[in-house]
């Protein structure tokens, strides 16, 4: 937690927040703050700044907060990911949030096992919690939107073409001859398949919708590795 | 397992191997092979090719193997990482192996907790197992070397300068003004700190040894995310 992300319900006055639960435990046992210490804070979907610990008990911390800086820039990226295996999903979600992706679509694919969609990590609360952890890591405040599409064909035929409008659209596909581009200077949409990849039919449908199939070299990457490798390749993280 | 990595002890003849344990279980329960099926194989530190399943029982599989291709290119990178938290360490190690890093140094740092060095994941067998998993993911065969240095100062003063010779040497340090370079056309050495970063003293010592401090932008990344982001930025993964 490189920043405590603050939600509306945390505010008791415009410049006061009360923290409990996970964030309180982290302040006490990891950061080991005391009264008078200052920590980085951010208002969800707003600015970042500083919080001074006013009171600290076993059940809550009260902080005086002030916000004076913009959060890091948003990635101009629409990320379309075949639903990952649940044990990998939380980390993928946190990594997407840490890297600044704000527009995330979880889609079905032939090699997505039906059971993946049953994971409790897809509940609204769990999505928000894991996105929050990823934002706090990056000192970001802008909450990503996650959309779930459990039917591949209607999504790709009816929604995807409009989503790709004005963007450089790519599908990561180890079987193709075109290397993934670098350093885009325009918004992008990126489709990442499941373990084992999209099927040829699915790649064909994504191409029909406007995606270009690109590869990342001879190495096959797990989704959780492919996401940072692709984002780092497409955009300049140092902005 | 996108490739079964074969060790000397697996060979019963120059063109025959016997698989048991994890690789057998994966063949049966994930890839679901039968007699006559072919799977990608690779000889450790050698070439990749194909293995045909000759016999398959609950306790072993026998394969006829032939090797006809070079493994993916090696990254010209020396990776020097402050020992990560054990729960993260296995994934970091697998990711390094998947991405093609072959020269990995695990070093101490002020913010590395002493207990991290006690993890059983540092045993020779566990290192080999996790590096193997990373190589099998990437269809690579070249086993990385991992060296452990539990004392920061002797390593940085006595060993590091020679290690950096002929390389572009970098230390990832969020506090600096120089952005991390891209697309190096020379060998590199890259130092990555622990959670919370190297201390100013440590960054100073790394700079004295020949490293340039560079940042990756306003976002603070976990080690497991920083490794793929940095490698993707420094080298062209599509070669």
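Chains as they are written, first to last, in this note's numbering: chain A, 51 to 289; chain B, 51 to 289. Glycine is no exception: its CB is placed at the ideal position from the N, C-alpha and C atoms.
Span separating the alpha-carbon of residue i from that of residue j
{"i": "residue 220/B", "j": "residue 62/A", "result": "45 Å"}
{"i": "residue 105/B", "j": "residue 83/B", "result": "11 Å"}
{"i": "residue 250/B", "j": "residue 240/A", "result": "38 Å"}
{"i": "residue 258/B", "j": "residue 206/B", "result": "9 Å"}
{"i": "residue 156/A", "j": "residue 142/A", "result": "11 Å"}
{"i": "residue 115/A", "j": "residue 192/A", "result": "18 Å"}
{"i": "residue 179/B", "j": "residue 167/A", "result": "31 Å"}
{"i": "residue 235/B", "j": "residue 244/A", "result": "32 Å"}
{"i": "residue 202/A", "j": "residue 174/A", "result": "22 Å"}
{"i": "residue 58/B", "j": "residue 177/B", "result": "18 Å"}
{"i": "residue 224/A", "j": "residue 208/B", "result": "43 Å"}
{"i": "residue 182/A", "j": "residue 272/B", "result": "15 Å"}
{"i": "residue 86/B", "j": "residue 72/A", "result": "54 Å"}
Expected contact under 8 Å - CB spacing of residue i and residue j to nearest Å
{"i": "residue 217/A", "j": "residue 100/A", "result": "That belief does not hold up - the Cβ atoms of residue 217/A and residue 100/A are roughly 37 Å apart, past 8 Å."}
{"i": "residue 69/B", "j": "residue 111/B", "result": "5 Å"}
{"i": "residue 77/B", "j": "residue 89/B", "result": "7 Å"}
{"i": "residue 55/B", "j": "residue 94/B", "result": "6 Å"}
{"i": "residue 211/A", "j": "residue 260/A", "result": "6 Å"}
{"i": "residue 246/A", "j": "residue 161/A", "result": "4 Å"}
{"i": "residue 159/B", "j": "residue 132/B", "result": "4 Å"}
{"i": "residue 149/A", "j": "residue 281/A", "result": "5 Å"}
{"i": "residue 269/B", "j": "residue 188/A", "result": "4 Å"}
Same chain, Cβ closer than 8 Å to residue i, neighbours up to 5 away in sequence not counted
{"i": "residue 286/A", "result": "233"}
{"i": "residue 145/B", "result": "184, 274, 277, 278"}
{"i": "residue 237/A", "result": "126, 127, 128, 216, 217, 218"}
{"i": "residue 97/A", "result": "117, 118, 119, 120, 121, 191"}
{"i": "residue 256/B", "result": "206, 210, 221, 241, 248, 263"}
{"i": "residue 153/B", "result": "127, 128, 129, 194, 195"}
{"i": "residue 171/B", "result": "136, 139, 140, 143, 177, 180"}
{"i": "residue 124/B", "result": "150, 152, 192"}
DSSP-derived helix/strand/coil call for residue i
{"i": "residue 61/B", "result": "strand"}
{"i": "residue 273/A", "result": "helix"}
{"i": "residue 199/A", "result": "strand"}
{"i": "residue 80/B", "result": "helix"}
{"i": "residue 85/A", "result": "coil"}
{"i": "residue 191/B", "result": "coil"}
{"i": "residue 96/B", "result": "coil"}
{"i": "residue 110/B", "result": "coil"}
Same chain only: Cβ atoms within 7 Å of residue i, ignoring 5 sequence neighbours per side
{"i": "residue 229/B", "result": "264, 265"}
{"i": "residue 60/A", "result": "67, 68, 69"}
{"i": "residue 283/B", "result": "230, 232"}
{"i": "residue 109/B", "result": "70"}
{"i": "residue 213/B", "result": "128, 239"}
{"i": "residue 252/B", "result": "159, 160, 202"}
{"i": "residue 200/A", "result": "158, 167"}
Neighbourhood of residue i by C-beta, 6 Å cutoff - its chain only, sequence neighbours within 5 removed
{"i": "residue 190/A", "result": "121, 122"}
{"i": "residue 51/B", "result": "76, 186"}
{"i": "residue 198/B", "result": "156"}
Please go through the stretch 114-161 of chain B and give each complete beta strand (DSSP E) segment of 3 or more residues, from N-terminal end onward. 127-132, 153-157
Length at least 3, wholly inside the stretch 208-270 of chain A: the beta strand (DSSP E) runs in chain order: 218-222, 238-242, 262-264
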